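Going by numbering that gives the first Met the number 0, the sequence shown runs without a break in its numbering and finishes at 314.
Backbone N, C-alpha and C define an ideal beta-carbon position, used for all residues, glycine too.
This one's a predicted model, so the numbers in the text were calculated from it and none came from an experiment.
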Amino acid sequence: MAKSQLKNNFWSGLNKPIYALAPMAGVADSAFRRMCKAYGADVVYSEMVSATAIVYGSKKTLELARFTKEERPFVVQLFGGKPEHFAAAARIVEKKIKPDGLDINFGCPVKKVARQGAGAALMDDLKMARAVIEAVIDNTKLPVSIKIRASAGKVDAIRFLRAMKDLDIKAVMIHGRSLKQGHAGEVDWKIIKQARKYFSGVILANGGVKDRLSAGKLLELTLADGVGIGQGAWGRPWIFSQLKTHNSQLIIKKLVFQTALRHAKLAEKLKGKTGIVEMRKHLCWYMSGMKNASELRRELVKVKKFGEIKEILRF
């Protein structure tokens with residue numbers, strides 16, 4: 000049984016609506032998180048971090064959780080399938096990383112994650128899911144949140160939240176698509192709205208937010224406390240400032256290039272050559288909507304140095 004203990008809950012102090020950068024494996028690294036924070040994101044999540052890998056001492060995995068003070072409030076998202084690994088990982092992350100919160104992934108659709116009994120596969124196992132949440136709550140003083148889907152297997156969001164109703168969960172991000180849908184198709188806003196009957200903490204609606212209109216519509220339909228933005232921020236970290244200022248004006252080419260260069264320079268500073276290689280996908284996303292996007296992308300997918308990016312993105 001999860002212990003009742005005093006937790007520092009940053010969620011309760013946030014202004015609403017809350018605009019959060021959703022956790023995204025291979026995308027939401029420190030450089031991208033900082034760009035989103037600079038443009039007004041209220042909360043940023045880490046990439047998915049393996050609880051099991053942390054327990055077994057993987058330095059590379061722990062690096063995924065490292066952050067800087069300008070990223071606060073910062074939440075580390077853990078994934079895995081064993082309560083004992085979550086318990087140990089929660090203690091390690093709180094001590095060594097010192098984030099503002101811990102999040103548990105119940106929504107990842109990737110098959111290799113599911114084979115570990117993790118992600119959406121864990122959402123479909125209520126007994127194990129409860130044991131995992133209790134393990135994290137019992138082993139940290141940080142506020143614990145969860146990310147779930149509209150449904151995974153035989154379990155939908157309502158059934159899941161009802162089963163966990165008595166646990167000290169401070170926030171839930173609900174991806175309004177089912178496991179079968181993945182990241183495409185209509186968002187089930189009704190199930191997010193119904194979640195309020197079974198959950199008293201912060202509710203973030205997730206899925207399909209790409210601009211001010213879609214964000215406003217999702218908030219209106221779900222009555223959620225905020226939204227989690229994933230793919231809508233790819234190559235568009237300024238989406239957060241647009242939502243906050245109610246400004247949907249198109250960003251001019253010069254500003255897109257300037258932002259992309261700032262992002263690339265930061266990535267190189269943090270990760271060296273690896274950072275530039277990982278930036279290629281971001282650079283391609285930044286080019287979306289450009290007149291000569293295809294030509295630019297052909298050049299950008301080959302870059303190895305910041306200087307090469309600067310040469311291509313001349314303005």
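- From the listed residues 289, 181 and 202, the smallest Cα separation to residue 190 is found for 202.
- Around the beta-carbon of residue 217, 16 or more other beta-carbon atoms lie within 10 Å, marking it buried.
- Between residue 180 and residue 124, the alpha-carbon positions lie close to 19 angstroms from each other.
- Of the candidates 305, 168 and 287, 305 places its Cα closest to the Cα of residue 269.
- Counting only residues of its own chain and dropping the five nearest sequence neighbours on each side, residue 167 has a CB closer than 6 angstroms to the CB of 136.
- In the DSSP annotation of this structure, the continuous segment of the beta strand (DSSP E) that includes residue 175 starts and ends at 170-177.
- Between residue 6 and residue 146, the C-beta spacing is not below 8 angstroms.
- Between the stretch 154-170 and the stretch 206-217, the count of C-beta pairs closer than 8 angstroms stays below three; the two stretches do not touch.
- For residue 150, the CB contacts under 6 angstroms within the same chain, skipping 5 residues up- and downstream, are 177 in chain order.
- Of the candidates 15, 31, 162 and 20, the residue whose Cα lies closest to the Cα of residue 279 is 31.
- Judged by DSSP in its simplified three-state form, residue 23 adopts coil rather than helix or strand.
- For residue 264, there is no enclosing beta strand (DSSP E); the residue is part of the alpha helix (DSSP H) that begins and ends at 252-270.
- Within the stretch 172-226, complete alpha helix (DSSP H) segments of at least 4 residues are found at 188-193 and 211-221, given in chain order.
- Between the alpha carbons of residue 301 and residue 59 lies a distance of about 25 angstroms.
- For residue 86, the CB contacts under 8 angstroms within the same chain, skipping 5 residues up- and downstream, are 134, 135, 137 and 138 in chain order.
- Residue 63 and residue 284 have their C-alpha atoms roughly 22 angstroms apart.
- Positions of the beta strand (DSSP E) runs, each at least 3 residues long and wholly inside the stretch 32-57, are given as 42-49 in order along the chain.
- Taking a C-beta distance under 8 angstroms as the contact criterion, residue 172 and residue 21 qualify as a contact pair.
- When DSSP reads this structure, residue 104 sits in a beta bridge with 146.
- Boundaries for residue 300: no alpha helix (DSSP H) harbours it, and the DSSP string shows neither H nor E there.
- In the DSSP assignment, residue 66 falls outside any beta strand (DSSP E) and carries neither an H nor an E.
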